[in-house]
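In the numbering used here, the protein residues as written are 214 to 463.
Using N, Cα and C, we set each Cβ at its ideal position, and we do this for glycine too.
This report refers to the structure that appears directly beneath it.
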């Protein structure tokens with residue numbers, strides 16, 4: 214299905230070699246799947262489109278949601294929107310699978326890749342977040358999204374690369390933050406779910422009286438920055454055993 218546009222905007226600017234924002238299709242396919250890129254073109258067909266590369270994850274999330282709606286895994290109550298979403302999905306996917314594919318959320322892929330790049334280990338980390346039964350094709354699809362996310366970091370957002378501390382910089386932490394982090398070390402167990410980690414974090418934040426400053430202390434201890442990705446997920450990606458080892462130096 215052809216899609217004709219007057220012109221395409223990249224990050225809000227008209228695509229131009231002079232501006233250094235002229236991209237070929239192959240370059241786009243190094244940061245997102247072909248079906249996602251095609252999905253971008255099905256939206257507001259024949260009208261100007263803006264591809265915000267910094268927010269690539271939003272486009273991928275929108276495609277993933279369309280796929281879930283198409284297969285009935287997510288409800289869309291507005292029938293007109295549902296019809297349009299299903300039409301866009303059908304126009305985007307060359308060979309529609311018999312059952313819904315298992316997709317790793319792009320933002321999670323970015324988080325994993327920001328710390329570990331892309332190798333066999335990152336695939337194992339990603340698989341630990343997948344609860345559904347998966348096929349061999351799903352494994353390939355998950356690994357491919359990790360590679361795409363890693364490419365996106367390298368080419369669009371290299372500032373998102375994260376280095377995990379071997380031990381905390383104690384000078385960055387207040388006495389109250391250190392005491393709260395000791396509580397986290399004490400109560401953080403290896404065989405817990407992400408939801409349980411999240412509940413523990415909020416419980417310590419409340420009981421310590423630190424509130425948001427407790428989360429700041431966690432990020433400072435782990436990466437020497439005062440903010441970062443969603444903390445419970447971040448801890449699971451790093452690995453609870455490694456997090457406990459870092460906190461043990463406090």
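Query raised in the report: When burial is assigned at 16 or more other CB atoms within 10 Å of the CB, is residue 218 buried or exposed?
Result: Its pLDDT being 44, under 50, residue 218 is placed unreliably by the model, and the measurement read from it follows with that caveat. Exposed, by the Cβ-count rule.
Query raised in the report: How is residue 423 classed by DSSP in three states: helix, strand or coil?
Result: coil
**Report entry** Three-state secondary structure (DSSP) of residue 397
**Finding:** helix
Requested in this report: Give me the Cα-Cα distance between residue 240 and residue 247, rounded to the nearest whole angstrom.
Outcome: 11 Å
Query - Distance CB(residue 298)-CB(residue 326) smaller than 8 Å - result: no
Query raised in the report: Roughly how many whole angstroms lie between the Cα atoms of residue 444 and residue 428?
Result: 8 Å
Query raised in the report: In whole angstroms, what is the alpha-carbon distance linking residue 235 and residue 264?
Result: Confidence is the limiting factor: at residue 235 the pLDDT is only 49, short of 50, which leaves the residue's position unreliable and the question unanswerable from this model.
Query raised in the report: In terms of DSSP beta bridges, what is residue 444 paired with?
Result: Residue 444 is not bridged to any residue.
Query raised in the report: Can we say the stretch 443 to 462 touches the stretch 371 to 380, given the rule of at least three CB pairs closer than 8 Å?
Result: yes
Query raised in the report: According to DSSP, is residue 264 helix, strand or coil?
Result: strand
Query raised in the report: From residue 391 to residue 430, what does the alpha carbon distance come to, in whole angstroms?
Result: 8 Å
Query raised in the report: What is the DSSP secondary structure of residue 307, counted as helix, strand or coil?
Result: coil
Query raised in the report: Mind checking whether residue 389 and residue 423 have CB atoms under 8 Å apart?
Result: yes
Query raised in the report: What number of angstroms, rounded off, separates the C-alpha of residue 353 from the C-alpha of residue 401?
Result: 33 Å
Query - residue 403 - DSSP class collapsed to helix/strand/coil - result: coil
Requested in this report: Going by CA-CA distance only, name the one from 294, 267, 360 and 300 that's closest to residue 317.
Outcome: 360
Query raised in the report: Just checking my contact of residue 342 with residue 373 at CB under 8 Å: how many whole Å lie between their CB atoms?
Result: Between residue 373 and residue 342 the Cβ distance is about 19 Å, and since that is not below 8 Å, they are no contact.
Query - Distance CB(residue 368)-CB(residue 319) smaller than 8 Å - result: no
**Report entry** Other residues of its chain near residue 242: CB distance less than 8 Å, five sequence neighbours each side excluded
**Finding:** 250
**Report entry** Cβ neighbours of residue 303 in the same chain (closer than 8 Å, five flanking residues each side left out)
**Finding:** 283 and 309
**Report entry** residue 439, buried or exposed, once every other Cβ within 10 Å from all chains shown has been counted against 16
**Finding:** exposed
Query raised in the report: What does a CB cutoff of less than 7 Å around residue 351 pick up in its chain, not counting 5 residues either side in sequence?
Result: 314 and 315
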